[in-house]
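Residue numbers (my numbering), protein chains in the order written: chain A, 181 to 292; chain B, 4 to 115.
Report on the following structure.
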């Protein structure tokens, strides 16, 4: 089992729709969770972090965390073509180091 | 003002050569990382240094040797390059428990 799993996609949504990206993780002791966006040929950039169960909203983005189910999701409301990118879920392991473990990413394509 | 800068951006070299990638951060972060991103976009940690001390050393061939002369710099030297070393190498930094990584722009290494 991979440590952090994501559906590779592509996930195709029409402009203005809600895009829902999902991630599961195997380390039950994980405490910190992150979503990064990576445009083709560019470096990953942080868009959301979440540490507690529930929802966290930032503009059009909402991160959801359910530690009991070991599940993290990212909702993007009013999707725009500029949101088209690979979204990487990252989880900090329960070890002493600050190691972030990444999923393989979900490619999101927003159709105009 | 680039926060995490890597050089070179592109590196094309022949098998068997030795090459280095340099990374510098001006964020005052205490921890720096090297990640390798393969053709399927999977980001895998290689090394991490905290205040010049090696704290993460994943299963990486010993042809790869990191060096951190001070906490703002982390370089990666690769000996006897192989075709399978072709990838994008990202440097990143973070500060303490916030765990928010800032990535450099990446170095695309192509071994021919």
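For every residue, glycine included, the Cβ atom is placed at its ideal position computed from N, Cα and C.
Remember, it's a predicted structure, so these values are computed and weren't measured experimentally.
Cβ neighbours of residue i in the same chain (closer than 6 Å, five flanking residues each side left out)
i                     : result
residue 202 (chain A) : 253
residue 231 (chain A) : 212
residue 82 (chain B)  : 21, 66
residue 71 (chain B)  : 52, 55, 77
residue 6 (chain B)   : 30, 105
residue 68 (chain B)  : 80
residue 242 (chain A) : 235, 255
residue 95 (chain B)  : 36, 104, 106
residue 244 (chain A) : 235, 253
residue 250 (chain A) : 204, 205
Other residues of its chain near residue i: CB distance less than 7 Å, five sequence neighbours each side excluded
i                     : result
residue 11 (chain B)  : 110
residue 60 (chain B)  : 50
residue 292 (chain A) : 195, 261
residue 238 (chain A) : 228
residue 240 (chain A) : 256, 257, 258
residue 27 (chain B)  : 8, 75, 76
residue 273 (chain A) : 207, 210, 279, 281
residue 108 (chain B) : 9, 12
residue 89 (chain B)  : 112, 113, 114
Cβ neighbour criterion (16 or more within 10 Å) applied to residue i
i                     : result
residue 18 (chain B)  : exposed
residue 227 (chain A) : buried
residue 198 (chain A) : exposed
residue 263 (chain A) : buried
residue 248 (chain A) : exposed
residue 182 (chain A) : exposed
residue 258 (chain A) : exposed
residue 205 (chain A) : buried
residue 36 (chain B)  : buried
residue 86 (chain B)  : exposed
residue 208 (chain A) : exposed
residue 62 (chain B)  : exposed
residue 271 (chain A) : buried
residue 57 (chain B)  : exposed
residue 73 (chain B)  : exposed
residue 220 (chain A) : exposed
Cβ separation of residue i and residue j, assumed to be a contact under 8 Å, to the nearest whole Å
i                     : j                     : result
residue 44 (chain B)  : residue 266 (chain A) : 6 Å
residue 188 (chain A) : residue 286 (chain A) : 6 Å
residue 192 (chain A) : residue 289 (chain A) : 5 Å
residue 186 (chain A) : residue 283 (chain A) : 4 Å
Beta bridge counterpart(s) of residue i as assigned by DSSP
i                     : result
residue 53 (chain B)  : B:34, B:56
residue 234 (chain A) : A:245
residue 111 (chain B) : B:13, B:91
residue 79 (chain B)  : B:24, B:69
residue 148 (chain A) : Outside the shown range of chain A, which is 181 to 292, sits residue 148 (chain A), and nothing can be said about it.
residue 280 (chain A) : A:272
residue 48 (chain B)  : B:38
residue 286 (chain A) : A:267
Cβ-based neighbour list, residue i, same chain, cut-off 8 Å, excluding 5 preceding and 5 following
i                    : result
residue 14 (chain B) : 22, 24, 110, 111, 112, 113
Would you list, in chain order, the members of the region 190-218 of chain A that have their beta-carbon closer than 7 Å to a beta-carbon of chain B?
212
Chain A contacts from the region 30-48 of chain B (Cβ-Cβ distance under 7 Å)
34, 43, 44, 45, 46, 48
So if I threshold CB-CB distances at 8 Å, which residues from the region 243-258 of chain A count as touching chain B?
Close to chain B, meaning a Cβ-Cβ distance shorter than 8 Å, is no residue of the region 243-258 of chain A at all.
Compile a chain-ordered list of the residues in the region 277-289 of chain A whose CB is closer than 9 Å to at least one CB of chain B.
Answer set for the region 277-289 of chain A: 277, 278, 279, 280, 281, 282, 283, 284, 285, 287.
Against chain A, which members of the region 48-69 of chain B pass a CB distance test of less than 8 Å?
Of all residues in the region 48-69 of chain B, those with a C-beta nearer than 8 Å to a C-beta of chain A are 48, 51, 53, 58, 59, reading in chain order.
Taking Cβ-Cβ distances below 9 Å as the criterion, which residues of the region 95-113 of chain B are in contact with chain C?
In the displayed structure, chain C is absent; the protein chains listed are A and B.
Which residues of the region 223-237 of chain A have a Cβ closer than 8 Å to any Cβ of chain B? Give them in chain order.
223, 224, 225, 226, 229
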